[in-house]
Structure formats: C-alpha cells, structure tokens
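The UniProt record's numbering numbers the first residue of the sequence shown as 1 and each following residue consecutively.
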Amino acid sequence: MDLDPAERLAVQQTLARYAFALDHGDLVTLAGVLTEDATWTVNIAGEVEQGPFVGRPAILDLVREATEAQTDQRRHNLVNMVFRRADADTAVVWAYLMLTSNAGGASNVITTGFYVITLRNAESEWRIAKLFVGMDNAE
C-alpha cells in the first residue's frame, strides 16, 4: 500500500461525507464525492440485487427518491474500514455498515452489512467510483 497517512485520512473523509450526505439528503455533497461514472449496487441478504445504478445522476435520483420516501432519520455508520488495495490513483476499502433509524422515537438497528468501495483520486480529491453494499437483511 502506497498511501501516506494524509491520503488515507482523505479517503476516510470522503467516506464520512458520503454517509453524512445520505443521512441528511444532501445531494450536493453526495454529488461531490462521486465520480461522474460512479456505479452503485445493493445486494439484500444475498438474494435481491438492486442496480447497478450507473452514473452520478442515476445515483442522485435513487437517493432523492429514497430520502423522500423515508419518514424516519437514518444514520449510516461505516466502521472497521480496511484498505484492501491502495496506490496514488485508486483505493479499495472494505467497511461494515450499521444502519440505524429513530422510527417510533427510539434508536433501532434496521440492518447491518458491508461495503466494498473503490475510490479514484481525481483532480486531487478522492471520489467514489464503485460502491457495492451487501445488506444482511431487508430494511
């Protein structure tokens, strides 16, 4: 792995901005952490696959529709990040997901899972190029 600590932190900050953007329906920030040709695929319990959604506009539309349909506040907690591969241009990160909700006035875990995320260093910024999320159960 060729990334220095500052570059590793920059990758982690991109992933943190991604999670906060999802939680707050912040499509401007979300657009800023995705490459123009990004892909997003979701697999639920190894049985139901959604996507791939290809391109920044398709991903933003998906998130917009999902956010508008939600009546609760969700929190995407990405933990145990592991750099599987990294160089000056590309990083592949694995992370666990714990998705919580405040539905009914109490915090609840609605699903757990994992991410496999490929990021590209574009114009001196790390952006998500490929995102796969495997959910352990339907939300």
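Backbone N, C-alpha and C fix where the C-beta goes; we use that ideal spot for every residue, glycine too.
Val11 versus Leu27: straight-line alpha-carbon distance, rounded: 19 angstroms
Sequence-distant residues of its chain with Cβ nearer than 6 angstroms to Asn77 (five each side left out): Met98
Three-state class that DSSP yields for Ala10 in the structure shown: helix
Buried/exposed call for Leu9, threshold 16 Cβ in 10 Å: exposed
Buried or exposed by the 16-neighbour rule on C-beta atoms within 10 Å, applied to Val82: exposed
Boundaries (first-last residue) of the alpha helix (DSSP H) holding Glu68: Arg56 to Ala69
Cβ-Cβ distance between Asp136 and Ser101 below 8 angstroms: no
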